[in-house]
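Asks: First the structure, which I've put down as structure tokens, then a few questions once you've had a look.
Numbering (my numbering), first residue to last: 43 to 302.
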């Protein structure tokens with residue numbers, strides 16, 4: 043084979059069902075001496091679940107001697123985590139439970155689970171005191187994540203799951219600080235970061251999580267106070283044949299007259 047006299051142009055493209063992205067393209071053709079090779083590395087974040095084709099190609103020569111040599115590599119991008127959520131409305135607050143399942147065939151290490159709220163909503167993670175919490179288990183992750191779980195790279199086996207609980211509430215209004223506001227519409231997104239068995243860092247963000255449509259009720263009752271424990275008791279205690287006194291509030295939301 044005659045030695046290659048013309049410079050070689052290289053290109054790497056990634057094609058999905060929706061678009062084609064150029065990952066690498068040499069600024070100028072490169073001349074290769076006999077036995078010489080040219081290596082390059084590209085990185086690209088996969089954000090779409092689809093079938094991809096990586097096309098690595100070279101061009102050299104001109105006119106009738108022009109040559110184009112492509113190589114095709116096909117692969118599927120699948121979601122490594124399955125996230126299921128369940129919500130329960132408590133007056134003006136919402137309890138959000140997230141179940142994160144490892145959908146791969148290898149263990150994963152969850153590094154951060156955070157609920158990114160929309161403006162006007164705040165999220166407080168409800169932690170398990172037995173599991174403990176570290177401020178930043180992974181030095182490559184952001185330090186300022188006060189509203190997230192950080193349980194020290196929690197291992198999740200293939201097919202296994204981990205559960206997290208957040209208490210969502212509306213931020214107090216400056217005009218009516220004592221008037222709680224019910225949560226409606228979009229609440230926010232869950233953001234998860236993990237490490238694979240090869241130590242690669244992954245990130246997943248869910249779609250917007252919407253508040254459940256609250257059923258309209260004519261009458262609601264809320265508990266304001268319970269009997270207090272005495273100095274000799276660690277918790278309230280009710281003796282037999284005694285009276286239990288609790289303080290409740292009933293809110294009537296219709297314009298008609300109702301009787302309790």
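From the three backbone atoms N, C-alpha and C, an ideal C-beta is built for every residue, glycine too. Since this is a predicted model, take the numbers as computed values, not measurements.
May I ask you to report which of helix, strand or coil DSSP gives residue 83?
Replies: coil
Asks: Give a single yes or no on whether residue 285 has its beta carbon closer than 7 Å to a heavy atom of the ligand FMN.
Replies: Here there are no bound small molecules, and the ligand FMN is not part of this structure.
Asks: Please report the distance separating the alpha-carbon of residue 135 from that of residue 225.
Replies: 7 Å
Asks: Count the other C-beta atoms from every protein chain shown that fall within 10 angstroms of the C-beta of residue 201, then say buried if there are 16 or more, exposed otherwise.
Replies: exposed
Asks: Quick one: grab the DSSP three-state call for residue 53.
Replies: strand
Asks: Throw me the rounded Cβ distance for the residue 149 and residue 90 pair, which I believe falls under 8 Å.
Replies: 25 Å between Cβ atoms; not a contact.
Asks: Rounded to whole angstroms, what is the Cα-Cα separation between residue 142 and residue 121?
Replies: 12 Å
Asks: From residue 237 to residue 223, what distance separates their C-alpha atoms?
Replies: 38 Å
Asks: Could you round the C-beta distance between residue 118 and residue 93 to whole angstroms and report it? I think they count as a contact, below 8 Å.
Replies: About 5 Å separates the two Cβ atoms, so the contact holds.
Asks: Identify which residue in 99, 255, 261 and 161 has its Cα closest to the Cα of residue 131.
Replies: 255
Asks: Would you tell me roughly how many angstroms separate the C-alpha atoms of residue 50 and residue 100, rounded to the nearest one?
Replies: 6 Å
Asks: Identify which residue in 57, 95, 103 and 84 has its Cα closest to the Cα of residue 73.
Replies: 103
Asks: By how many angstroms is the C-alpha of residue 264 removed from the C-alpha of residue 140?
Replies: Each residue's Cα considered, the two are about 27 Å apart.
Asks: Use the C-beta contact count for residue 162: other C-beta atoms within 10 angstroms, 16 or more gives buried, fewer gives exposed.
Replies: exposed
Asks: How many Å lie between residue 228 and residue 251 at the Cα?
Replies: Computed Cα separation, rounded: 6 Å.
Asks: What separation, rounded to the nearest whole angstrom, lies between the Cα atoms of residue 127 and residue 214?
Replies: Residue 127 and residue 214: Cα-Cα distance of roughly 25 Å.
Asks: For residue 63, is the classification buried or exposed, using 16 other Cβ atoms within 10 angstroms of its Cβ as the cut-off for buried?
Replies: A residue is called buried once 16 or more other Cβ atoms fall within 10 Å of its Cβ, and residue 63, having fewer, is exposed.
Asks: Take residue 123 as the anchor and find which of 144, 112, 115 and 212 has the nearest alpha-carbon.
Replies: The shortest Cα separation from residue 123 among 144, 112, 115 and 212 belongs to 144.
Asks: By a C-beta neighbour count over all protein chains shown, 10 Å radius and 16 as the cutoff for buried, is residue 270 buried or exposed?
Replies: exposed
Asks: On the CB-based measure, 16 or more other CB atoms within 10 Å of its CB, does residue 69 come out buried or exposed?
Replies: exposed
Asks: Assign residue 54 to buried or exposed, taking buried as 16 or more other Cβ atoms, counted over all protein chains shown, within 10 Å of its Cβ.
Replies: buried
Asks: Only counting the same chain, and skipping five residues up and downstream in sequence, which positions put a Cβ closer than 6 Å to that of residue 247?
Replies: 231 and 233
Asks: If the criterion is Cβ atoms closer than 8 Å, does the pair residue 137 and residue 157 meet it?
Replies: no
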